[in-house]
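Residue numbers for the sequence shown follow the numbering used here, so the first one is 47 and each next one is one higher.
Report on one structure; see the data block that follows.
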Amino acid sequence: MRERRDSLPATVVAKVHREGPLSLLREGPGWVVGHLLTAVQLASIRRLRRFRYRRAGLVAIPDPTATIEIDPQAVTHIVPLSRFETSFPRRLLGTVRGGDWDRNLPRIENQPKYQACQARVAGTPWTDTGIVDHLAAELERVDADTIEHGCDSRAALRQRYEGERETLYRSLRDEGYDRAVSPVCCRVHIGRDGRLLFGSGGRHRFYLSRLLGIESVPAQVLCRHHEWQTVRDSVATADSLADLPPEVRTHLDHPDLREFPLAREAPSDARQAGLVG
């Protein structure tokens with residue numbers, strides 16, 4: 047089932063719970079204003095895209111403000127932002143695009159932050175995982191805002207990992223994923239074949255959830271491949287399961303289709319086998 051994002055007050059409470067009150071003092075009014083603008087922008091984008099996509103013939107028009115429940119284990123690859131013409135991931139929320147952006151992608155397991163999270167889960171302190179050294183080296187050649195939320199020195203990076211990242215790890219390990227604290231874990235793309243692909247946001251939260259075996263987390267969907275969108279449209283417009291071709295039936299247990307009654311009503315064993323109808 048799809049859910050809308052929580053209000054700004056709930057998001058503020060979640061941030062304080064997750065990162066501590068100092069996070070608001072550090073990021074200040076800019077963070078609040080940014081989230082307010084994002085909410086307004088998303089509402090505007092939703093209206094404009096709905097009009098444009100409807101004119102283009104799409105039926106199951108994506109809602110950029112909605113979330114879906116995903117299994118972290120099902121996400122094995124990451125889509126670099128360089129595959130798109132924007133440097134702001136949120137501009138991709140609820141978009142539909144063709145092309146080869148979903149092919150030849152790097153694996154999550156090869157990402158430095160994932161490897162650091164893997165080492166931490168195995169018992170290695172953050173400062174011994176190599177991630178602080180790696181990111182400190184990156185600071186010398188890349189804008190700090192693209193590295194670790196504005197950390198501009200090795201000392202700041204170390205403090206971030208020993209503080210907020212350690213708190214996040216222990217919370218997920220000991221209490222599991224708390225949707226009241228983090229109503230959105232991360233943002234994903236969906237490829238032509240329905241593959242869930244990591245996109246942006248909540249990288250450590252998602253990586254740690256995956257490594258700790260957490261079975262389900264809430265995610266927003268950035269870009270859907272046009273070929274996958276045709277699957278959504280087919281499920282949305284079919285009168286019965288028998289109207290769906292076999293290649294569509296195999297996807298009926300996909301989290302991006304659970305908003306449609308036809309997918310929710312299909313027997314789970316038949317959905318997985320693609321034999322419904």
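Ideal placement from N, C-alpha and C gives every residue a C-beta, glycine not left out.
Query: I'd like to know whether the C-beta atoms of residue 116 and residue 234 end up nearer to each other than 8 Å.; Result: yes
Query: Using a Cβ-Cβ cut-off of 6 Å (strictly less than) and excluding sequence neighbours within five positions of residue 306, which residues of its own chain qualify?; Result: 281, 282
Query: Go to residue 292, then tell me how far its alpha helix (DSSP H) extends in each direction, as first and last residue.; Result: 292-295
Query: So for residue 232, helix, strand or coil by DSSP?; Result: strand
Query: For residue 143, list the residues DSSP reports as bridge partners.; Result: 271
Query: To which residues of the same chain is residue 253 closer than 6 Å at the C-beta, ignoring the five residues directly before and after it?; Result: 160, 163
Query: Buried or exposed, going by whether 16 or more other CB atoms sit within 10 Å of the CB of residue 132?; Result: exposed
Query: Could you give the residue range of the alpha helix (DSSP H) that holds residue 309?; Result: 307-311
Query: DSSP three-state label for residue 205, please.; Result: helix
Query: Please classify residue 54: does DSSP put it in a helix, a strand, or coil?; Result: Confidence is the limiting factor: at residue 54 the pLDDT is only 49, short of 50, which leaves the residue's position unreliable, though a coordinate-based value still follows. Here residue 54 sits in helix by DSSP.
Query: Given 8 Å as the limit, is there contact between the region 260-275 and the region 132-142, that is, 3 or more CB pairs closer than that?; Result: yes
Query: Alpha carbon to alpha carbon, how far is residue 261 from residue 222?; Result: 10 Å
Query: State the CB to CB distance for the pair residue 172 and residue 219, rounded to an integer number of angstroms; the pair is presumed to be in contact (CB under 8 Å).; Result: Incorrect: roughly 14 Å between the Cβ atoms, too far for contact.
Query: Tell me where the beta strand (DSSP E) around residue 175 begins and ends.; Result: Segment: none, residue 175 is in no beta strand (DSSP E) and carries neither H nor E.
Query: Roughly how many angstroms lie between the CA atoms of residue 99 and residue 294, to the nearest whole one?; Result: 21 Å
Query: Near residue 331, which residues of its chain fall below 7 Å by C-beta distance, leaving aside the five closest residues on each side in sequence?; Result: Not covered by the structure: residue 331. The range shown for the chain is 47 to 323.
Query: How is residue 126 classed by DSSP in three states: helix, strand or coil?; Result: coil
Query: Leaving aside the five residues before and after residue 104 along the sequence, list all residues of the same chain whose C-beta is less than 8 Å from its C-beta, in chain order.; Result: 142, 275, 279
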